[in-house]
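Okay, structure first, notes after.
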């Protein structure tokens, strides 16, 4: 076959690089900005854009009725993200229209939090025409009765501008409490009701405008809980249309349900289920050179050396089905050294899950399980007892599932877990002491959705 006509195979490291650096999102951002700004010199525009370091900074709009707690949430968001807090009064001070003033903040390199901007759908469309588009829009909501009560008890710190409340949010510092003032703009109930009515009229249109990046959060709860939900939302990247091939690692102690969950994932999403132990048995059963190397270890019930396991896995993961459809791997790596070998082989997972159960649950699940050698059916003394004494009499227990053997395997697993968790800091932890389908739903939600962003060490230390 002519070399020019041979099917093109993309090396796995190229896919990993593109995912790691979010190349698809970068190209999408470049094209979007080109279409919005329409520069005379597109090439120089792209060069200048790429030289900026604010391509992936927070762009947040925080909306809500009066007295919903927007100011408090916005200030805390800026403390956590290092973004610039922009209010309507800030824009008015610039003596310019909304879009030009907002654009001046947009050009800064820290990102921004727009508080109560835009107020109407027309303003939202003006921002969009100027290329000012948020990644996340948060809309706080609470009953009007609650908002009116909050408004009457609002107090302002004249030094910091922080907002407090005589009932719901009183400052801990006595010095701050002494200097609190009643806002000069404190509204009578009738005026507050009119403002709420006006807000509700515009809110429906704003919801439609930002429906693809909007999160509505109940503000009628402690401000700490409100902020926690807001922060969790803005740390979750928006769904990306970029190509995504699942490469999943499942960890967990014996009895956590790794095999079952891998089977469910593979069945639903059509990816390749690779159990390391089963793969080694399959290779040892053939008459290949690698099979002859593995067979003595399996027959003597010894661990197969990492170098041999890695060669087998590398060959399997390199096949076209794994490259095209993705894979879910369990049973390997067993320790950090094996994890490093897997990483150096360019088979880097993009989802890592730790299924968590206690030792008592693990022993209960496995030690009481037995198989009927006639039918091949599995039974459990507690969850699925045999149908009669005849079946009970012929059940066979796995010697590896004795309590002594399980305690030894559990000890070995936990001795490596802490280091493995440190090696995979983006791992997701799932409570596996639940119904299997509930566990699968938890896995699935993190499999199809974007993983939350992790704030930088600098941001964490400063807060």
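Residue numbers (our numbering): 35 to 497. We treat Cβ as the ideally placed atom computed from N, Cα and C, and that holds for glycine. This structure is a prediction, so every number in the text was calculated from the model and none was measured.
Residue i vs residue j beta-carbon contact at 8 Å
{"i": "residue 462", "j": "residue 387", "result": "yes"}
{"i": "residue 170", "j": "residue 267", "result": "yes"}
{"i": "residue 103", "j": "residue 257", "result": "yes"}
{"i": "residue 295", "j": "residue 122", "result": "no"}
{"i": "residue 400", "j": "residue 415", "result": "no"}
{"i": "residue 437", "j": "residue 391", "result": "no"}
{"i": "residue 190", "j": "residue 214", "result": "yes"}
{"i": "residue 282", "j": "residue 368", "result": "no"}
{"i": "residue 101", "j": "residue 232", "result": "no"}
{"i": "residue 252", "j": "residue 150", "result": "no"}
{"i": "residue 181", "j": "residue 95", "result": "no"}
{"i": "residue 240", "j": "residue 158", "result": "yes"}
{"i": "residue 110", "j": "residue 196", "result": "no"}
{"i": "residue 445", "j": "residue 364", "result": "no"}
{"i": "residue 413", "j": "residue 423", "result": "no"}
{"i": "residue 145", "j": "residue 217", "result": "no"}
{"i": "residue 65", "j": "residue 172", "result": "no"}
{"i": "residue 76", "j": "residue 68", "result": "yes"}
{"i": "residue 338", "j": "residue 314", "result": "yes"}
{"i": "residue 352", "j": "residue 375", "result": "no"}
{"i": "residue 280", "j": "residue 440", "result": "no"}
{"i": "residue 165", "j": "residue 70", "result": "yes"}
{"i": "residue 58", "j": "residue 277", "result": "yes"}
Helix, strand or coil at residue i according to DSSP, with G and I counted as helix
{"i": "residue 166", "result": "coil"}
{"i": "residue 129", "result": "Bear in mind that the predicted position of residue 129 carries a pLDDT of just 48, short of 50, making it too unreliable to give a figure here."}
{"i": "residue 380", "result": "coil"}
{"i": "residue 234", "result": "helix"}
{"i": "residue 221", "result": "coil"}
{"i": "residue 189", "result": "strand"}
{"i": "residue 35", "result": "Interpretation of residue 35 is limited by its pLDDT of 47, a score under 50 that renders its predicted location unreliable; no figure is taken from the coordinates."}
{"i": "residue 338", "result": "coil"}
{"i": "residue 198", "result": "strand"}
{"i": "residue 93", "result": "strand"}
{"i": "residue 319", "result": "helix"}
{"i": "residue 81", "result": "helix"}
{"i": "residue 119", "result": "strand"}
{"i": "residue 151", "result": "coil"}
{"i": "residue 385", "result": "strand"}
{"i": "residue 478", "result": "helix"}
{"i": "residue 209", "result": "helix"}
{"i": "residue 395", "result": "helix"}
{"i": "residue 54", "result": "helix"}
{"i": "residue 111", "result": "helix"}
{"i": "residue 249", "result": "strand"}
{"i": "residue 68", "result": "helix"}
{"i": "residue 214", "result": "coil"}
C-alpha distance - residue i paired with residue j, whole-angstrom precision
{"i": "residue 448", "j": "residue 230", "result": "56 Å"}
{"i": "residue 222", "j": "residue 477", "result": "50 Å"}
{"i": "residue 55", "j": "residue 115", "result": "20 Å"}
{"i": "residue 112", "j": "residue 155", "result": "25 Å"}
{"i": "residue 234", "j": "residue 99", "result": "8 Å"}
{"i": "residue 460", "j": "residue 224", "result": "51 Å"}
{"i": "residue 117", "j": "residue 193", "result": "21 Å"}
{"i": "residue 106", "j": "residue 362", "result": "43 Å"}
{"i": "residue 349", "j": "residue 284", "result": "20 Å"}
{"i": "residue 317", "j": "residue 468", "result": "34 Å"}
{"i": "residue 435", "j": "residue 286", "result": "16 Å"}
{"i": "residue 289", "j": "residue 395", "result": "8 Å"}
{"i": "residue 153", "j": "residue 479", "result": "34 Å"}
{"i": "residue 465", "j": "residue 393", "result": "13 Å"}
{"i": "residue 270", "j": "residue 97", "result": "18 Å"}
{"i": "residue 383", "j": "residue 179", "result": "50 Å"}
{"i": "residue 184", "j": "residue 167", "result": "31 Å"}
{"i": "residue 497", "j": "residue 261", "result": "Confidence at residue 497 is low in this model, with a pLDDT of 44, below 50, so its placement is unreliable and no value can be given for it."}
{"i": "residue 310", "j": "residue 325", "result": "14 Å"}
{"i": "residue 226", "j": "residue 236", "result": "16 Å"}
{"i": "residue 228", "j": "residue 206", "result": "33 Å"}
{"i": "residue 430", "j": "residue 472", "result": "30 Å"}
{"i": "residue 74", "j": "residue 160", "result": "22 Å"}
{"i": "residue 426", "j": "residue 299", "result": "33 Å"}
{"i": "residue 389", "j": "residue 455", "result": "12 Å"}
Distance cut-off 7 Å: residue i Cβ against heavy atoms of the ligand GTP
{"i": "residue 152", "result": "Annotation note on the ligand GTP: not contained in the displayed structure, which lists no ligands."}
**Prompt:** On the three-pair Cβ rule with 8 Å, is the region 315 to 330 touching the region 391 to 410?
**Reply:** no
**Item:** Inside the region 254 to 315 only - alpha helix (DSSP H) runs reaching at least 4 residues
**Value:** 257 to 268 and 292 to 303
**Message:** With a threshold of 8 Å, are at least 3 pairs of Cβ atoms found where one atom belongs to the region 333 to 344 and the other to the region 373 to 385?
**Reply:** yes
**Complete beta strand (DSSP E) runs within the region 397 to 467 (minimum length 3 residues, chain order)** = 403 to 405, 412 to 414 and 462 to 465
**Prompt:** Does the pairing of the region 351 to 367 with the region 299 to 308 give three or more beta-carbon distances under 8 Å?
**Reply:** yes
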